[in-house]
Amino acid sequence: MRQLSRHSPVRRLADGSLEVAENLRQYTKFYGQDRRVVVTGLGLVTPLGFGVAETWSRLVDGHSAVRKLLESDLPKEHQAILDQLPCKVAACVPGSDADDPQRWKPALSGLLGTRHISFGLQAAEEALHDAAWHPQDREAQERTGVAVGVGMPSPAEMGAAGHLIAQGKLRRLSPYFIPRVLVNMAAGAISMQWSLRGPCHTASTACATGIHSLGDAFHMIKRGDADVMVAGGVESAIDGVSLGGFCRLRALATKWNNDPTSASRPFDAARAGFVMGEGAGVVVLEELQHALNRTAPNIHAEVLGFGMSSDGLHLTQPGEDGRGPARCMTHALQQGGLAPEDVAYINAHATSTPLGDAAEQHGIAAAFGSHATDGDLLVSSTKGAIGHLLGAAGAVEAIFTILALENKVVPPTLNLSHADPSLLKGLVGPLAHQFESAQHLPASALCNSFGFGGTNASLLVRESVTSA
-9 MRQLSRHSPV RRLADGSLEV AENLRQYTKF YGQDRRVVVT GLGLVTPLGF GVAETWSRLV
51 DGHSAVRKLL ESDLPKEHQA ILDQLPCKVA ACVPGSDADD PQRWKPALSG LLGTRHISFG
111 LQAAEEALHD AAWHPQDREA QERTGVAVGV GMPSPAEMGA AGHLIAQGKL RRLSPYFIPR
171 VLVNMAAGAI SMQWSLRGPC HTASTACATG IHSLGDAFHM IKRGDADVMV AGGVESAIDG
231 VSLGGFCRLR ALATKWNNDP TSASRPFDAA RAGFVMGEGA GVVVLEELQH ALNRTAPNIH
291 AEVLGFGMSS DGLHLTQPGE DGRGPARCMT HALQQGGLAP EDVAYINAHA TSTPLGDAAE
351 QHGIAAAFGS HATDGDLLVS STKGAIGHLL GAAGAVEAIF TILALENKVV PPTLNLSHAD
411 PSLLKGLVGP LAHQFESAQH LPASALCNSF GFGGTNASLL VRESVTSA
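In the numbering used here, the protein residues as written are -9 to 458.
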């Protein structure tokens, strides 16, 4: 039997069976395995384009959406600050018709123009269409919920409102101001647009928001709170307030203003900060038997586990040893009942910051042992292509992880030429990489998201399973 990391609660024996730690047996007995959760719909709005097909095609072909910031990318009242920003690059979503009032129910008219909500509606529309799930009867609507989160809702609108108040212009404040800045309103808008009357929930955990939202939805279905959940993350924070704040933290890349596509370089020795992105990722999660009973047209993947942890150390910096992320990944493996060597691919959180990317490598090495350090485990970060989507990042990257399993292609890490540190021998560079399932088992993959405040989240998924 291969010697695995001491963190692992599950070991695969020579005969192919699993040896399960006592704590996992107790967990499995308590939680039960009778309600399996699958992914039946995918929806994306990203800087690479609108929709899953366009985004995935451009991603695996090595396109970068990072470009020079223009005044027109910022709210009008923030455009004068562009010259003062040390970082002058970003990954912006191209224009769309998301704010066309004819596209959405009249009840949502007061929310149109709030970009993160518009992105969420677009991504949810694609995901529900992909799943062919449009519940019409009351019972089906009440068994369908929403779990969509946002990291930083409408900072520009809050800044503009504060400016009006400071000028004594209260009556110019929109009556829709409060609904537009509430963290749960993207979830609420999706619920209203499609009359989804089950749980309506929002997580807001900084850059881990998207994975936490998917994980919460996964647990809601496992518990029986719902049969279907529309889940994901949204974000739009390309504005003077957000960019200025991250610049003051010295978190953004500033060395490549004249070479934007080189600015986001996860794991690379020359990395020096992240690039701001925006967009939305939404999936339809569904109880397996429910999906089979209605003959769902797509079962993209099965969700096996969801891990969480906290560093408990610092406002913005991870622990250098990666122990928090290691615990998080191990918890996901525990729930999924997999050994480390059963995982073929990790879509890393790696944002292109010096400390964060190194800490994640240490965490992966600790959780996966020789499977990671010998190069059998493939690892990439897609933030080289789309920047860091903050609260939307985890949901978007979870979809990339699922697409990697479906297509047996690991998306590239753009601008990775010299890894530092080089603990993981399976780091995938600027070209997409084909892979095969280990030990002829269904391929499994992990998606990581970590956030300010020390919060960590990992989602474990397996390639499509079509039988109960």
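Positions of the beta carbon are idealized from the N, C-alpha and C atoms, including for glycine.
Asked	Found
9 Å Cβ cutoff met for residue 308 and residue 205	no
Within-9 Å CB hit, residue 212 to chain B	Looking for chain B here will not work: only one protein chain is present.
Three-pair Cβ contact test at 8 Å for the region 227 to 243 versus the region 64 to 76	yes
Rounded Cβ spacing between residue 400 and residue 394 (contact assumed at less than 8 Å)	5 Å
Host beta strand (DSSP E) of residue 299 (start-end)	291 to 300
Buried versus exposed call for residue 451 [16 or more other C-beta atoms within 10 Å across all chains shown]	buried
Range of the contiguous beta strand (DSSP E) that encloses residue 175	Element bounds for residue 175: not the beta strand (DSSP E) but the alpha helix (DSSP H), 175 to 183.
Identified DSSP bridge partners for residue 36	39
Candidates 398, 384, 64, of which the one nearest residue 196 by Cα	384
Own chain residues within Cβ distance below 8 Å of residue 374, not counting five before or after	54, 254, 255, 256, 342, 402, 403, 404, 405, 406, 420
Proximity winner among 152, 140, 207, 164, relative to residue 175 (alpha-carbon distances)	140
Closest Cα partner of residue 266 within the set 339, 82, 224	82
Contact check, residue 117 vs residue 447, beta carbons under 9 Å	no
Reduced DSSP category for residue 438 - H, G, I as helix; E, B as strand; rest coil	strand
Contact check, residue 88 vs residue 108, beta carbons under 9 Å	yes
Exposure label - residue 250; buried when at least 16 CB within 10 Å	buried
CA-to-CA distance, residue 433 to residue 314, given in whole angstroms	25 Å
Under the three-state DSSP convention, the category residue 57 falls into	strand
Runs of beta strand (DSSP E) lying entirely within the region 215 to 239, each at least 3 residues, in chain order	218 to 225
Residues that residue 459 bridges to, as DSSP identifies them	Outside the shown range of the chain (-9 to 458) lies residue 459, about which nothing can therefore be said.
N- and C-terminal bounds of the beta strand (DSSP E) containing residue 271	269 to 277
Residue 15 classed as buried or exposed, judged by whether at least 16 other C-beta atoms fall within 10 angstroms	Only weak support is given to the placement of residue 15: the predicted model assigns it a pLDDT of 48, under 50, and the question is left unresolved by the model.
Cα-Cα separation, residue 354 to residue 129	43 Å
C-beta atoms of residue 380 and residue 423 nearer than 9 Å	no
Distance between residue 200 and residue 36 (C-alpha atoms, nearest Å)	14 Å
For residue 171, the three-state DSSP class (helix, strand or coil)	helix
Ranges of the alpha helix (DSSP H) found wholly within the region 365 to 415, counting only runs of at least 4	373 to 376, 383 to 397
Residue environment, residue 92, which counts as buried when at least 16 other CB atoms sit within 10 Å	exposed
Neighbour-count burial assignment, residue 126, 16 or more Cβ in a 10 Å radius	exposed
Same chain, Cβ closer than 8 Å to residue 459, neighbours up to 5 away in sequence not counted	Residue 459 lies beyond the range of the chain shown here (-9 to 458); nothing can be said about it.
Cα-Cα separation between residue 147 and residue 285, rounded to whole angstroms	43 Å
Which of helix, strand or coil DSSP assigns to residue 200	helix
C-beta contact flag for residue 276 and residue 104 at 9 Å	no
Supposed close pair residue 415, residue 332 - CB separation, criterion 8 Å	Actually they are not in contact, since the Cβ atoms of residue 415 and residue 332 sit about 18 Å apart, beyond 8 Å.
Residue 136 and residue 262 closer than 9 Å at C-beta	no
Check whether residue 42 and residue 90 have beta carbons under 9 Å apart	no
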